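The structure appears right after this line, and notes come after that.
In the UniProt record's numbering, the protein residues as written are 1 to 309.
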């Protein structure tokens, strides 16, 4: 027989070794994430906190003074901010639904097993979202110029009799921006829908066909409910991207004519670098965007029926 003391030693030693092993693994794990955590705190959270503090200050250049809520109250009486807000909301309520619907329809078409050259079409539609923002914006500026290719094509096919002022008319300038954003980001959202559709069991559609459901009914009764989480995700990310819209407006219309296409992000840039620098008020406008993003995100969660929102 093994003595009692020996049994105790056999039981105790593995526990001590196991605890030491867990402690060592824990230290290694923290060592791996510590660098990333420190970098995130330095480059994300610290600037956010500093921007919040800055939003309660005002003054030209670096001569800032604490003004409390004056900057936030100024938002409601600032005509340029109100114009930028209206433009941004217009882009949001028009462009985002169009882009989401297009991405969904294209993904359904590309998911068809009978379609040939699917790889080519998927690549071609996704390609715009990996092009340079500045490069494609400049190309669009030349395409939609008064003497650009778009006007020449429309005149040649007799759809218009005189060139459309795509960049100098307030209405058509907004249309140009919406077309540019839709062209760039539709393929990006299409990839998410296509990935989700490829995980849907094809037998569900076959059963629906047997029950007499046509393609229209299958789309609304099967496809859309299956894509609900992806629709919510793409809607929120597209909303965030649109509220932060800058490159296209800056490079195509520069916010003009006047303030017809000015966005909030471009207004923040102007406050910081174009006008007499007012970093405090620019930070306030930035936090207005944060509030809008939170508001629209919660609204979309509620619309999607998420009980945790």
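We put the beta carbon where it would ideally sit given N, CA and C, even for glycine. Quick caveat, the model's predicted, so the values are computed rather than measured.
- The alpha helix (DSSP H) runs lying completely inside the stretch 103-172 and spanning 4 residues or more are 118-126, 133-143, 149-156, given in chain order.
- Measuring C-alpha to C-alpha distances from residue 285 to each of 28, 35, 77 identifies 77 as the nearest.
- Burial of residue 278 is indicated by the presence of at least 16 other C-beta atoms within 10 angstroms of its C-beta.
- When C-alpha distances from residue 171 are compared across 181, 260, 132, 89, the shortest belongs to 260.
- Residue state for residue 254 is assigned as coil, using DSSP reduced to three classes.
- Excluding the 5 residues flanking it on each side, residue 64 has same chain C-beta neighbours closer than 6 Å at 57, 280, in chain order.
- Here the alpha carbon of residue 137 sits roughly 25 Å from the alpha carbon of residue 159.
- Residue 55 sits in coil when the DSSP states are folded into three classes, being neither helix nor strand.
- Sixteen is the threshold: when 16 or more other Cβ atoms of the shown chains lie within 10 Å of the Cβ of residue 189, as they do, the residue is buried.
- Residue 150 has its alpha-carbon roughly 10 Å from the corresponding atom of residue 156.
- As the crow flies, the alpha-carbon of residue 253 is around 13 Å from that of residue 181.
- Looking at the DSSP output, residue 32 bridges to nothing.
- Contact between the stretch 43-58 and the stretch 285-304 is present: three or more C-beta pairs spanning the two stretches fall below 8 Å.
- Residue environment for residue 186: buried (at least 16 other C-beta atoms within 10 angstroms of its C-beta).
- Residue pairing by DSSP places residue 65 opposite 58 in a beta bridge.
- Contact between residue 177 and residue 248 holds, with the beta-carbon distance rounding to 6 Å and staying under 8 Å.
- Annotation: the continuous alpha helix (DSSP H) that includes residue 207 extends over 202-210.
- DSSP places residue 244 outside both helix and strand once states are collapsed to three, so it counts as coil.
- A buried status is given to residue 166, since no fewer than 16 other beta-carbon atoms sit within 10 Å of its beta-carbon.
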